[in-house]
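A.B. asks:
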Amino acid sequence: MRTARTHFPSAVAMHGALLLYMLIALFPIFVILINSFKKRKSIFREPLALPNSDSFSLIGYKTVMEQGDFFLYFQNSMIVTVVSLFFILLFGAMAAYALSEYRFRGNLLMGLYLALGIMIPIRIGTVAILEMMVATGLVNTLWALILVYIAQGLPLAVFILSEFMRQVSDDLKNAGRMDGLSEYQIFFRLVLPLVRPAMATVAVFNMIPIWNDLWFPLILAPGEEVKTLTLGSQVFIGQYVTNWNAVLSALSMAVIPVLILYVIFSRQLIRGITSGAVK
Amino acid sequence: MQRSNTRWHIAVFLAPAVLVYTAVMIVPLFNTLRLSLYTEIDQHRVFVGLENFRTLFLDPIWSKQFWNALANNFWFFVIHMLVQNPIGILLAAILSQPRLRFAAFYRSAIFIPTLLSFVIVGFAWKLILSPIWGIAPDLLNTVGLKSLYAPWLGKEEYALTTLALVSVWQFVGIPMMLIYAALLTIPDEILEAGEMDGITGFSAFWKIKLPLILPAIGIISILTFVGNFNAFDLIYVAQGALAGPDYSTDILGTFMYRTFFGFQLQLGDPHMGSAIASAMFTIILIGVCIYLFGIQTRMRRYQL
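In order, the protein sequences belong to chains A and B.
For the first sequence, the working numbering gives the first residue as 1, with consecutive numbering after it.
For the second sequence, the working numbering gives the first residue as 1001, with consecutive numbering after it.
(1) What residue range is occupied by the uninterrupted alpha helix (DSSP H) comprising A:T136?
(2) Counting only C-beta atoms, is A:M22 closer than 8 Å to chain E at any point?
(3) Skipping 5 residues on each side, what residues in its chain have a beta carbon closer than 8 Å to that of A:F74?
(4) B:L1267 to A:F159, Cα distance in whole Å?
(5) If B:A1092 and B:I1179 are in contact, beta carbons under 8 Å, what's the gap, nearest whole angstrom?
(6) Go to B:H1044, then tell me how far its alpha helix (DSSP H) extends in each direction, as first and last residue.
(7) Any beta carbon from chain A within less than 8 Å of B:I1107's own beta carbon?
(8) So the beta strand (DSSP E) B:T1039 belongs to, where does it begin and stop?
(9) Should B:P1016 and A:F91 be called a contact, given that it needs their Cβ atoms to be closer than 8 Å?
(10) Is there a Cβ of chain B sitting closer than 8 Å to that of A:G92, yes or no?
(11) Ordered along the chain, which non-local residues of its own chain (more than five positions away) have a Cβ less than 6 Å from that of A:G60?
(12) Cα-Cα, which of B:A1277, B:G1287, B:L1050 and B:I1284 is closest to B:L1029?
(13) Between A:V235 and the rest of its own chain, which residues show a CB-CB distance below 8 Å, the 5 nearest in sequence each way excluded?
(14) Consult DSSP for B:Q1084 and reduce its assignment to one of helix, strand or coil.
(15) Per DSSP, A:K38 is paired with what?
(16) For the alpha helix (DSSP H) holding A:N243, just list the boundary residues, first then last.
(17) Cα separation between B:L1037 and B:M1272?
(18) If we ignore side chains and look at the alpha-carbon of each, how far apart do B:F1281 and A:F164 end up?
(19) Is there at least one Cβ from chain B nearer than 8 Å to A:E183's Cβ?
(20) Could you tell me if A:M178 is buried or exposed, where buried requires 16 or more neighbouring beta carbons within 10 angstroms of its beta carbon?
(21) Spell out the partners DSSP gives B:Q1266 in its beta bridges.
(22) Quick one: residues in its chain with C-beta nearer than 7 Å to the C-beta of B:I1213, no 5 flanking neighbours on either side, listed in chain order?
(23) On the three-pair Cβ rule with 8 Å, is the segment 18-34 of chain A touching the segment 193-205 of chain A?
(24) With three or more beta-carbon pairs closer than 8 Å as the criterion, would you say the segment 1190-1201 of chain B touches the segment 1236-1256 of chain B?
(25) How would you list, in chain order, the residues of chain B whose beta-carbon sits under 7 Å from the beta-carbon of A:V255?
(26) Does any residue of chain B have a CB that is nearer than 8 Å to the CB of A:A151?
(27) Taking DSSP as the reference, what is the three-state secondary structure of A:R5?
(28) Under a CB-based cut-off of 8 Å, is B:Y1021 close to chain A?
(29) Which residues in the same chain have their Cβ closer than 6 Å to the Cβ of B:F1263, if we skip the five residues on either side of it in sequence?
(30) Go to A:S182, then tell me how far its alpha helix (DSSP H) extends in each direction, as first and last residue.
(31) Is A:G153 near A:S84, with beta carbons less than 8 Å apart?
(32) Return no unless some Cβ of chain B is closer than 8 Å to the Cβ of A:Q268.
(33) What would DSSP say about B:W1133, mapped onto helix, strand or coil?
(34) Using the beta-carbon count (16 or more within 10 Å), is B:Q1170 buried or exposed?
(35) Just to make sure I have the definition right: I need the residues of chain A whose C-beta is within less than 7 Å of the C-beta of B:F1053. Which are they?
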């Protein structure tokens, strides 16, 4: 019965379509990467050729290392992303637990209130966020970014995590209560370990937009000391716009960490999306 | 079971999330809406009612920019709906075919651009389309279409469409994944029942699968809408805050940034910026309401 579904010519057509689109998706990245390892002349003479012993050069990377503070930018991005994720997961899981475990007055209303932020982008409030950060002296600190990203990530985190927490068995929690565990101990010792896969999904979902964001770093933390990698490479490339070696190398350096993370987390990410967590 | 009357732990569990969310998201959102009703006169904040909106919609200089940005934004959205979502659905339909080899590999590879930052995407495409480097004209030359080449990003009539297509290139992975997930939930029995009735291949997709994934298509449409109406980064990276050439790629996000933050000789005006933000908020809210009340509730959901 099932053999009728994929005929030979249609399989070829399907592979052809996928290969063609894959080529379109990867070609620009490929061109940037190979040219970042070439001498300036070869970049222009044969942009599509792979670097060979004749055209190979690391001059672009050298410029980037000397002129841009990429390690600092990278470190800033890491701190912002990791700290934001930690608090999104901790606060998000706590709120999700309260909403899914306890019946109390206003439960539904609170859930709806927190869900508002899934559809309304936090950028709309930028003017007042900047005023607030200036007033509290947080402007040009990494905390300004971290706070914004926590607020931005919480709604979806609460939504996804509470779906998963409803599936944790009541017997387990009640057994814990019988054994005299406090509600906090039940949450941290029994429930959190069980929703780890959902937490990983939330983490991966939030990681990409936080790491790649340009808007808030540009507005809240443009100072040299607190630039994130995304803003740092934008400013650097803007300054070196005619130095093609440096621009291509800076772009490649920004691509590579993302690709490495993707190789590590792609299974988690794809499973997260396809498990229907975002329905 | 013994239970104290005030269950403090509920408050403790809720407090951190609610506080941060309220303080950093909800309060600034309403404050921004409120600020749009004020203006600054002699370094004092003065309440002016809807004056800023009158300026925005009716003043010749402001309204020209506003309607231009709004129209561009709609075009940006239309391109996404017409190109990104159909391609995403098509790719998902192919990927979800049973026993397709290398499906996981294709899926991962096609998703890569979605992970890249706008900075990488914007500059990479700027270089590739650049007449100086010549990759785009050379490629067109090899297929005999060199006459089609133009410095797209530099021409008023093409720049916005080009950037919209670059954005499509970047984000095709999202509709692809969500539709793919929806297609996986369709049980085999339904498709086999269709096969019994002679519905296979392409018509099986049209007649059986597509109606079943309509809710997912609704979700990707509203995600695209919200994403497009607060887009900013790609235009800013590729064309700068002035969204050139001659504002032809200006969308609401870049317009708001320029107005609120100031650019070059133009001084920043937080109150006009807030007015634009309020307009964006209204547009997004209308879109979300149309989706929630007009589309989602009317869509037939099939019990699978």
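Every residue gets a Cβ at the ideal spot worked out from N, C-alpha and C, and that includes glycine.
C.D. replies: On the basis of the data shown:
(1) Translated into positions along the first sequence, residue 136 of chain A becomes position 136. Element bounds for A:T136: n/a, residue is neither H nor E.
(2) The chain labelled as chain E is not found among the protein chains of the depicted structure, namely A and B.
(3) As a first step, residue 74 of chain A is located in the first sequence; it is residue number 74 there, counting from the start. For A:F74, where only same-chain residues beyond five positions count, the Cβ hits under 8 Å are L229 and P257.
(4) One-based indexing of the second sequence puts residue 1267 of chain B at position 267. One-based indexing of the first sequence puts residue 159 of chain A at position 159. Rounded to the nearest angstrom, the two C-alpha atoms are 41 Å apart.
(5) In the second sequence, residue 1092 of chain B corresponds to position 92, counting from 1. In the second sequence, residue 1179 of chain B corresponds to position 179, counting from 1. About 4 Å separates the two Cβ atoms, so the contact holds.
(6) For the purposes of this step, residue 1044 of chain B is taken as the residue at position 44 of the second sequence. Counting along the chain, B:H1044 falls outside any alpha helix (DSSP H), though it belongs to the beta strand (DSSP E) covering H1044 to F1047.
(7) What you label residue 1107 of chain B is simply residue 107 of the second sequence in a count that begins at 1. Checking the sequence, you will find Arg at residue 1107 of chain B rather than Ile. True, the Cβ-Cβ gap to chain A drops below 8 Å.
(8) Here the question's residue 1039 of chain B lines up with position 39 in the second sequence. B:T1039 -> beta strand (DSSP E) spans Y1038 to I1041.
(9) The residue you call residue 1016 of chain B lines up with position 16 of the second sequence. The residue you call residue 91 of chain A lines up with position 91 of the first sequence. In this structure, A:F91 lies closer than 8 Å to B:P1016 by Cβ.
(10) The residue you call residue 92 of chain A lines up with position 92 of the first sequence. It does; some Cβ of chain B falls within 8 Å.
(11) On the first sequence, residue 60 of chain A is found 60 positions in, with the first residue counted as 1. Cβ within range, chain order: S36, N245, A246, L248 and S249.
(12) The residue you call residue 1029 of chain B lines up with position 29 of the second sequence. Ranking the options by Cα distance to B:L1029, first place goes to B:A1277.
(13) The count along the first sequence starts at 1 and reaches residue 235 of chain A at position 235. Closer than 8 Å at the Cβ level, and outside the excluded window around A:V235, lie K227.
(14) The sequence position of residue 1084 of chain B within the second sequence is 84, counting from 1. Correct three-state label for B:Q1084: helix.
(15) Taking the first sequence and counting its residues from 1, the one referred to as residue 38 of chain A is at position 38. Looking at the DSSP assignment, A:K38 forms a beta bridge with A:F56.
(16) Counting from 1 along the first sequence, the entry for residue 243 of chain A is found at position 243. Element bounds for A:N243: n/a, residue is neither H nor E.
(17) Along the second sequence, one-based indexing puts residue 1037 of chain B at 37. Along the second sequence, one-based indexing puts residue 1272 of chain B at 272. Cα to Cα, the separation comes out at about 9 Å.
(18) Position 281 of the second sequence, counted from the first residue, corresponds to residue 1281 of chain B. Position 164 of the first sequence, counted from the first residue, corresponds to residue 164 of chain A. Distance between the alpha carbons of B:F1281 and A:F164 is about 31 Å.
(19) In the first sequence, counting from the first residue as 1, residue 183 of chain A sits at position 183. It does; some Cβ of chain B falls within 8 Å.
(20) On the first sequence, residue 178 of chain A is found 178 positions in, with the first residue counted as 1. By the neighbour-count rule (16 or more Cβ atoms within 10 Å), A:M178 is not buried but exposed.
(21) The sequence position of residue 1266 of chain B within the second sequence is 266, counting from 1. B:Q1266 is bridged to B:F1263.
(22) Position 213 of the second sequence, counting from 1, holds the residue named residue 1213 of chain B. Result list for B:I1213: I1179, A1182 and L1183, in chain order.
(23) no
(24) no
(25) As a first step, residue 255 of chain A must be located in the first sequence, where it is residue number 255. Ordered by position in chain B, the residues that pass the 7 Å Cβ test against A:V255 are L1116 and I1120.
(26) Sequence index remark: in the first sequence, residue 151 of chain A carries index 151 (1-based). It does; some Cβ of chain B falls within 8 Å.
(27) Along the first sequence, one-based indexing puts residue 5 of chain A at 5. In this predicted model, A:R5 has a pLDDT of only 48, less than 50, meaning its place in the structure is not dependable enough to derive any value.
(28) To locate residue 1021 of chain B, count along the second sequence from 1; it is residue 21. B:Y1021 counts as touching chain A.
(29) Within the second sequence, the letter at position 263 stands for residue 1263 of chain B. Only A1241 meet the Cβ criterion.
(30) Working through the first sequence from its first residue, we reach residue 182 of chain A at position 182. Premise fails: A:S182 is in no alpha helix (DSSP H) and is neither H nor E.
(31) Along the first sequence, one-based indexing puts residue 153 of chain A at 153. Along the first sequence, one-based indexing puts residue 84 of chain A at 84. It is a contact, given that the beta carbons lie within the stated cut-off.
(32) Residue mapping note: residue 268 of chain A aligns to position 268 of the first sequence, counting from 1. False, the Cβ-Cβ gap to chain B never drops below 8 Å.
(33) In the second sequence, counting from the first residue as 1, residue 1133 of chain B sits at position 133. DSSP places B:W1133 in coil when its eight states are reduced to three.
(34) In the second sequence, residue 1170 of chain B corresponds to position 170, counting from 1. So B:Q1170 ends up on the buried side.
(35) Residue 1053 of chain B sits at position 53 when you count from the first residue of the second sequence. In chain order: nothing, as chain A lies at least about 15 Å away.
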